[in-house]
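Residue numbers (the working numbering): 6 to 93. The beta-carbon is built from N, C-alpha and C at its ideal position, and this holds for glycine as well. The model shown is predicted, which means the values in this text are computed figures rather than measured ones. Here the structure comes first, spelled out in structure tokens, and everything after it is commentary.
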């Protein structure tokens, strides 16, 4: 299963994103989305658990969920997984 925009939105909601947030949530910074460092660590942990890639250091307050998604996809491609979830 690839890391889709919908997957990214669901992940953001699971760590406290306001469900009323607009359609542009993937382009706003984590700071603009009111997702603090603890939320970003939780996001990184869930990505590590689900996809097996580490993006924690890149998830700064200024980073966007769109950048996060791009990093995950690139790292999965580099490992030959091609956007799929971990099966272990």
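- For residue 56, the enclosing alpha helix (DSSP H) covers residues 42-56.
- In the three-state reduction of the DSSP assignment, residue 22 falls in the coil class, being assigned neither a helical nor a strand state.
- In the pairwise beta carbon analysis, the segment 42-58 is classified as touching the segment 68-78: at least three pairs are separated by under 8 Å.
- Residue nearest to residue 66 within the set 56, 9, 12 and 46 is 46 (criterion: CA-CA distance).
- Spatial neighbours of residue 32 in its own chain (CB-CB distance under 7 Å, excluding positions within 5 residues in sequence) are listed in chain order as 69 and 71.
- Its chain contains no residue whose beta carbon lies nearer than 6 Å to that of residue 41 once the 5 sequence neighbours on both sides are disregarded.
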